[in-house]
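Residue numbers (my numbering): 10 to 139. No residue lacks a Cβ here, since even glycine has one placed at the ideal position from N, Cα and C. Because the structure is a prediction, the values reported are computed rather than measured. Step one of this worksheet: look at the structure below.
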């Protein structure tokens, strides 16, 4: 039985079992629509693999590359690894979606600040002051 609470601990799939569902990498280059579709797909994979509630964030973050990985690393630096991987799935989704949406809105207003890929990544990590 997967994703059940036993003696105060969640029992779910291993990371290897989660990876067997072939989660698609997410790079953070697109806007909220692409992120939302990716989250829907990841949630299906979490369900199919029997991913426990307490491992959803940790396992899913392993699918981040590029800008998304940079965002995740900034969360770890800000919150600490333990706090970042223990956040609720809803907090994780809301935090990333909100930041991505705001970043793309601001980037459209000041394209000269994010034209170069390197500069785009820097602005994503450190933010664009409104």
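Residue i, buried or exposed, once every other Cβ within 10 Å from all chains shown has been counted against 16
{"i": "residue 25", "result": "exposed"}
{"i": "residue 119", "result": "exposed"}
{"i": "residue 5", "result": "In the structure as shown, the chain begins at 10 and stops at 139. Residue 5 is therefore absent and cannot be evaluated."}
{"i": "residue 133", "result": "buried"}
{"i": "residue 86", "result": "exposed"}
{"i": "residue 2", "result": "Past the edges of the chain, shown from 10 to 139, lies residue 2, and the structure says nothing about it."}
Where the alpha helix (DSSP H) through residue i begins and ends
{"i": "residue 48", "result": "41-58"}
{"i": "residue 75", "result": "75-88"}
{"i": "residue 9", "result": "Beyond the ends of the chain as shown, which are 10 and 139, falls residue 9; an answer cannot be given."}
{"i": "residue 24", "result": "24-28"}
Nearest-angstrom Cα separation, counted from residue j out to residue i
{"i": "residue 73", "j": "residue 36", "result": "6 Å"}
{"i": "residue 43", "j": "residue 77", "result": "12 Å"}
{"i": "residue 131", "j": "residue 56", "result": "35 Å"}
{"i": "residue 51", "j": "residue 20", "result": "19 Å"}
{"i": "residue 81", "j": "residue 66", "result": "10 Å"}
{"i": "residue 34", "j": "residue 40", "result": "15 Å"}
{"i": "residue 60", "j": "residue 116", "result": "35 Å"}
{"i": "residue 114", "j": "residue 104", "result": "16 Å"}
Nearest neighbour of residue i, chosen from the options [CA to CA]
{"i": "residue 69", "options": "86, 39, 131, 95", "result": "95"}
{"i": "residue 22", "options": "32, 64, 47", "result": "64"}
{"i": "residue 99", "options": "62, 112, 135, 83", "result": "62"}
{"i": "residue 75", "options": "121, 38, 90", "result": "38"}
{"i": "residue 71", "options": "121, 135, 27", "result": "27"}
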